[in-house]
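First up is the structure itself, then whatever we jot down about it.
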Amino acid sequence: MNKGEFIDRLSDSANLTKKEARQLLDSVLDLVSDSLQHGEEVKLVGFGKFGVRARRASSRINPQTKKPIQVAAKVVPLFKPGKELKSLVEKNLKVTAKGGVARK
């Protein structure tokens with residue numbers, strides 16, 4: 632589902648106009664982004680937790696040149712799903728023989 636499809640579903644389920652749904656989604660995303668920029672976690676009980684994590688500097692191999700390269704340390708955003716969200720996904724989806732995902 633892309634952002635436009637998400638807005639369509641949000642407007643239907645919350646009885647909002649598409650403009651109101653877009654503004655609501657943009658506000659939520661801005662709030663999460665702003666919190667993460669300041670190093671704050673956003674915990675939505677039952678859904679999950681947005682946060683940041685520091686990655687150490689490391690040495691990697693460039694797949695094209697096969698030469699080692701240095702990757703700088705950086706801070707990256709992360710999402711950790713909550714128990715209820717994990718349970719819903721496990722209940723409704725299964726792993727296929729080829730390692731993909733399918734509905735049960």
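First residue of the sequence shown? That's 632 in our numbering, and the numbers climb one at a time after it.
Just so you know, even glycine gets a beta-carbon here, dropped at the ideal spot from N, CA and C.
| Asked | Found |
| --- | --- |
| Quick check on the DSSP output: the alpha helix (DSSP H) that includes E687 runs from which residue to which? | Here residue 687 is Arg; the residue named in the question, Glu, does not match the sequence. Unbroken run through R687: none, as it is neither H nor E. |
| Could you pull out every residue in the same chain whose Cβ sits closer than 8 angstroms to the Cβ of K725, ignoring the five residues on either side in sequence? | V732, A733, R734, K735 |
| With 16 other CB atoms within 10 Å as the buried threshold, where does A652 fall? | buried |
| Helix, strand or coil for F678 per DSSP? | coil |
| Is DSSP giving Q668 helix, strand or coil here? | helix |
| Round the Cβ separation of V707 and S689 to the nearest angstrom and send it over; I've been treating them as touching at under 8 angstroms. | That belief does not hold up - the Cβ atoms of V707 and S689 are roughly 13 angstroms apart, past 8 angstroms. |
| Does DSSP put Q695 in a helix, in a strand, or in coil? | coil |
| With a threshold of 16 other CB atoms inside 10 Å of the CB of I638, please say whether the residue is buried or exposed. | buried |
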